[in-house]
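Colleague: My questions will all concern the structure given below.
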Amino acid sequence: MSKDECKQVVLDIIAEIAPDEELSDVKPEVALREQLDLDSMDFLDIVMELRKKHGIEVPESEYGELVSLDSCAKYLTPKFNALV
Amino acid sequence: MELSRIVITGIGLTAPNGNSLSEFRQNLLDGVAGIQRIEMRYMGEVLAGVCDFDPMRYQKRKEVRVGTRAGSISIYCAREAVADSGIDFDAFSKDRVGIYVGITEHGNVETENEIYNISKFDYDTKFWTHHHNPRTVANNPAGEASLNLKVTGPSYTIGAACAAGNLGLVQALQMLRLGEVDLAIAGGVSESIRSFGIFAGFKSQGALAEHEDPNKASRPFDVDRNGIVVSEGGALYTLERLEDAQARGAKIYGEITGYHVNSDATDYVLPNPERQTQCMRAAIKKAAIAPSQIHIVNTHATATPMGDIQECEAIREVFADCPETYVNNTKGFIGHAMGAAGALELAGNLPSFEDGMVHPSINVDQLDPKCEIPNLVLNKPIKAKRVDALLNNSFGMLGINSALIIERVSD
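Quick look at the structure:
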């Protein structure tokens, strides 16, 4: 999986948990919560969907790695690639 | 002590046969029921009353996803009631508003969903949602409404089995009289059709209705009745002190002049007509009127064989020699809306103050002789000589009884 593909996976999850948000111009380097109406419960939904849909575990101590699309891609892409 | 007079100034509702008072009322007068077959987890098809209001009218998609069905019903009904009241809600002090939502139960739906969810993951609880607790706390339906309407006054639910709709209104009356709030949004809601446990429980009890025609399944007083049709729905009212409503020139649907709540203390599920009689009489006494001055009695009767007979016994006793008192029932149209039942059924009768019509109980092809009551309105509406007061019965499991009396407010 490429980093761009990984970003799309995260965006697909966000589209489900925050269906009122416009996601076409999300800036990958900017914190997600600075540009989208996401609260802490939504963030936990992202973690849950990664677990349910993709078998990816994000320990609580590493939640900070999911702050932006870029950081998500950097942190999650190796995890996705380790699955195959 | 002179008690404040409390009046109803707005109504918001959703029922299986209508999403506004006018639509609901018209269908009650036209004999239009709203029961259908739905697929129930583990059970196959069951009969249910399903509401088709649009939650997106007042909620964002994310709020619907995160919240509960009971929350959505509360929000829809509360917003509709506030709009109907004509009050300048934006300018109203939100810390002087209270929300009191009657519920039969809450949390079954969400808990069942979550157990089903983790069953797909070998019952590993790390897949259990973090939304579970805010969804299942007992105050959820009122809390979601308070979030949506930005109400900061006291907002909570009243758990009272199927008497809950009336009890929401009683709580509102008491809080207004105590001066704790200046505007109350109150009534009852139910999301019960999304819980297989409710249906399976009634089925195991031998109290779940079945009929080849869904709209014939709920048939209180009919000799062939065979149980309850479970429904969802809600009805919330705005209530104010009479002087406040008059000062702003509000439309006044009626005044709560009497109420009573008591407990059977006899059985988990079987009703007690003696306590029902006491409850109605105590409400009438508080209203300081005679039984003959009540022109409509809306029965709770759910179409269980014993329950209907026992309520009829109680009504025969309280309303003996009351030639202008008519008796009706709403559940033939909409099934049993559980926590919403009392509040919804009251709404169906309130327009009688204006149009003088009494809607019927439907699906009574052959009246059970044990349910014969003078002036029981069957299958077709009738025009009453006058309608100045109505009594609304709502009873629930564990032996909770409630009766509410609403009177016309003269100009």
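Chains as they are written, first to last, in my numbering: chain A, 143 to 226; chain B, 70 to 480.
For every residue, glycine included, the Cβ atom is placed at its ideal position computed from N, Cα and C.
Could you work out which residue in B:141, B:380, B:430 is closest to residue 98 of chain B when comparing CA atoms only?
Modeller: Start at 1 with the first residue of the second sequence, and residue 98 of chain B comes out as number 29. Measuring from the Cα of residue 98 of chain B, the nearest candidate turns out to be B:430.
Colleague: Within the stretch 162-234 of chain B, note down every full beta strand (DSSP E) run reaching 3 residues or more, in order along the chain.
Modeller: Here the runs fully enclosed are 166-172, 224-228.
Colleague: In whole angstroms, what separates the C-alpha of residue 411 of chain B from that of residue 474 of chain B?
Modeller: The residue labelled residue 411 of chain B in the question sits at position 342 within the second sequence. The residue labelled residue 474 of chain B in the question sits at position 405 within the second sequence. C-alpha separation (whole angstroms): 12 Å.
Colleague: Quick one: grab the DSSP three-state call for residue 437 of chain B.
Modeller: By 1-based counting over the second sequence, the position of residue 437 of chain B is 368. Residue state, collapsed to three classes: coil.
Colleague: Can you check which of these residues, B:476, B:311, B:362, B:374, is closest to residue 75 of chain B by C-alpha distance?
Modeller: Counting from one through the second sequence, the residue named residue 75 of chain B turns up at place 6. Measuring from the Cα of residue 75 of chain B, the nearest candidate turns out to be B:311.
Colleague: Would you give the residue range spanned by the beta strand (DSSP E) that residue 255 of chain B belongs to?
Modeller: Position 186 of the second sequence, counted from the first residue, corresponds to residue 255 of chain B. Note, residue 255 of chain B: beta strand (DSSP E), 252-259.
Colleague: Do the stretch 178-191 of chain B and the stretch 118-135 of chain B touch if we need at least three Cβ pairs shorter than 8 Å?
Modeller: Flag = no, the stretch 178-191 of chain B and the stretch 118-135 of chain B do not touch.
Colleague: For residue 113 of chain B, does the three-state DSSP call read helix, strand or coil?
Modeller: Numbered from 1 along the second sequence, position 44 holds the residue referred to as residue 113 of chain B. In this structure, residue 113 of chain B counts as strand in the three-state DSSP scheme.
Colleague: Between the C-alpha atoms of residue 110 of chain B and residue 357 of chain B, what's the straight-line distance to the nearest angstrom?
Modeller: Looking up residue 110 of chain B in the second sequence gives position 41. Looking up residue 357 of chain B in the second sequence gives position 288. For residue 110 of chain B and residue 357 of chain B, the distance between alpha carbons rounds to 49 Å.
Colleague: Distance, Cα to Cα, residue 467 of chain B vs residue 179 of chain A?
Modeller: Here residue 467 of chain B refers to the residue found at position 398 when the second sequence is read from its first residue. Here residue 179 of chain A refers to the residue found at position 37 when the first sequence is read from its first residue. Each residue's Cα considered, the two are about 45 Å apart.
Colleague: Are the stretch 79-87 of chain B and the stretch 158-171 of chain A in contact at 8 Å, needing three or more beta carbon pairs?
Modeller: No: fewer than three Cβ pairs fall under 8 Å.
Colleague: Look up residue 150 of chain A in the DSSP assignment and say whether it is helix, strand or coil.
Modeller: Taking the first sequence and counting its residues from 1, one reaches residue 150 of chain A at position 8. It is helical.
Colleague: Tell me, which residues are paired with residue 105 of chain B by DSSP?
Modeller: Along the second sequence, read from residue 1 onward, the residue named residue 105 of chain B stands at position 36. Residue 105 of chain B is bridged to B:117.
Colleague: The alpha helix (DSSP H) that contains residue 418 of chain B, what's its start and end?
Modeller: In the second sequence, counting from the first residue as 1, residue 418 of chain B sits at position 349. Start and end: 410-418.
Colleague: Rounded to the nearest angstrom, what separates residue 169 of chain B and residue 409 of chain B at their Cα positions?
Modeller: Position 100 of the second sequence, counted from the start, is the residue given in the question as residue 169 of chain B. Position 340 of the second sequence, counted from the start, is the residue given in the question as residue 409 of chain B. Straight-line Cα distance between these residues: approximately 12 Å.
Colleague: For the alpha helix (DSSP H) that residue 144 of chain A lies in, which residues bound it at each end?
Modeller: Working through the first sequence from its first residue, we reach residue 144 of chain A at position 2. From DSSP, residue 144 of chain A is part of no alpha helix (DSSP H); its letter is neither H nor E.
Colleague: Does residue 355 of chain B come out as helix, strand or coil in the three-state DSSP assignment?
Modeller: Position 286 of the second sequence, counted from the start, is the residue given in the question as residue 355 of chain B. The answer is helix: DSSP assigns residue 355 of chain B an H, G or I state.
Colleague: Is there a Cβ of chain B sitting closer than 8 Å to that of residue 169 of chain A, yes or no?
Modeller: Residue numbering aside, residue 169 of chain A sits at position 27 when the first sequence is read from its first letter. With 8 Å as the cut-off, residue 169 of chain A does not count as an interface residue toward chain B.
Colleague: Does DSSP put residue 99 of chain B in a helix, in a strand, or in coil?
Modeller: Within the second sequence, residue 99 of chain B is the residue found at index 30, counting from 1. The answer is helix: DSSP assigns residue 99 of chain B an H, G or I state.
Colleague: Can you find the residues in the same chain that come closer than 8 Å, C-beta to C-beta, to residue 176 of chain B, ignoring five residues on each side of it along the sequence?
Modeller: In the second sequence, the residue the question calls residue 176 of chain B occupies position 107. Same-chain partners within the cutoff: 204, 205, 206, 207, 209.
Colleague: At a CB-CB cut-off below 8 Å, which residues of chain B make contact with residue 193 of chain A?
Modeller: For the purposes of this step, residue 193 of chain A is taken as the residue at position 51 of the first sequence. By Cβ distance, chain B contributes 195, 196.
Colleague: Would residue 478 of chain B and residue 451 of chain B qualify as a contact pair, given that the criterion is a beta-carbon distance under 8 Å?
Modeller: Position 409 of the second sequence holds residue 478 of chain B. Position 382 of the second sequence holds residue 451 of chain B. No, these two residues do not count as a Cβ contact at 8 Å.
Colleague: Scan the stretch 282-363 of chain B and note each continuous beta strand (DSSP E) run of 3 residues or more that stays entirely inside, going in chain order.
Modeller: Here the runs fully enclosed are 302-310, 323-332.
Colleague: Anything in the stretch 106-131 of chain B with a Cβ closer than 8 Å to a Cβ of chain A? List those residues in chain order, please.
Modeller: For the stretch 106-131 of chain B, which is checked against every Cβ of chain A, the residues closer than 8 Å are 129, 130, 131.
Colleague: Between which two residues does the beta strand (DSSP E) harbouring residue 144 of chain B extend?
Modeller: In the second sequence, the residue the question calls residue 144 of chain B occupies position 75. Taken as a continuous stretch (DSSP letters only), residue 144 of chain B belongs to no beta strand (DSSP E), being part of the alpha helix (DSSP H) at 138-154.
Colleague: If we ignore side chains and look at the alpha-carbon of each, how far apart do residue 129 of chain B and residue 121 of chain B end up?
Modeller: Against the second sequence, residue 129 of chain B aligns to sequence position 60. Against the second sequence, residue 121 of chain B aligns to sequence position 52. Between residue 129 of chain B and residue 121 of chain B, the C-alpha separation is close to 17 Å.
Colleague: Can you check which of these residues, B:259, B:244, B:198, is closest to residue 166 of chain B by C-alpha distance?
Modeller: Numbered from its first residue, the second sequence carries residue 166 of chain B at position 97. Checked all of B:259, B:244, B:198; the closest Cα to residue 166 of chain B is B:244.
Colleague: State buried or exposed for residue 221 of chain B, treating a residue as buried only when at least 16 other CB atoms are found within 10 Å of its CB.
Modeller: The residue labelled residue 221 of chain B in the question sits at position 152 within the second sequence. The residue in question, residue 221 of chain B, is exposed, as its Cβ has fewer than 16 Cβ neighbours within 10 Å.
Colleague: With distances taken between CB atoms, is the gap from residue 138 of chain B to residue 343 of chain B smaller than 8 Å?
Modeller: Translated into the one-based positions of the second sequence, residue 138 of chain B becomes position 69. Translated into the one-based positions of the second sequence, residue 343 of chain B becomes position 274. Contact: no.
Colleague: Report yes or no: do three or more beta-carbon pairs, one from the stretch 412-425 of chain B and one from the stretch 288-295 of chain B, lie closer than 8 Å?
Modeller: Judged by Cβ distances under 8 Å, the stretch 412-425 of chain B makes no contact with the stretch 288-295 of chain B, as fewer than three pairs qualify.
Colleague: Do residue 156 of chain B and residue 404 of chain B have their CB atoms nearer than 8 Å?
Modeller: Indexing the second sequence from 1 puts residue 156 of chain B at position 87. Indexing the second sequence from 1 puts residue 404 of chain B at position 335. No, the pair does not count as a contact, with Cβ atoms beyond the cut-off.
Colleague: Our contact map puts residue 330 of chain B next to residue 470 of chain B with C-beta atoms below 8 Å; I'd like the distance itself, whole angstroms only.
Modeller: In the second sequence, residue 330 of chain B corresponds to position 261, counting from 1. In the second sequence, residue 470 of chain B corresponds to position 401, counting from 1. Yes, they are in contact, since the Cβ atoms of residue 330 of chain B and residue 470 of chain B sit about 7 Å apart, within 8 Å.
Colleague: Less than 7 Å between C-beta atoms, sequence neighbours within five positions excluded: which residues of the same chain meet that for residue 372 of chain B?
Modeller: Here the question's residue 372 of chain B lines up with position 303 in the second sequence. 278, 287, 288, 289, 294, 296, 297, 400.
Colleague: Residues in the same chain with beta-carbon distance under 6 Å from residue 261 of chain B, minus the five sequence neighbours each way, listed in chain order, please.
Modeller: Reading the second sequence from its first residue, position 192 is the one you call residue 261 of chain B. 267, 299, 407.
Colleague: How many angstroms separate the CA atom of residue 162 of chain A from the CA atom of residue 276 of chain B?
Modeller: Numbered from its first residue, the first sequence carries residue 162 of chain A at position 20. Numbered from its first residue, the second sequence carries residue 276 of chain B at position 207. Spanning the two alpha carbons is a distance of roughly 42 Å.
Colleague: What do you reckon, are the CB atoms on residue 463 of chain B and residue 237 of chain B nearer than 8 Å?
Modeller: Along the second sequence, read from residue 1 onward, the residue named residue 463 of chain B stands at position 394. Along the second sequence, read from residue 1 onward, the residue named residue 237 of chain B stands at position 168. Contact flag unset, no.
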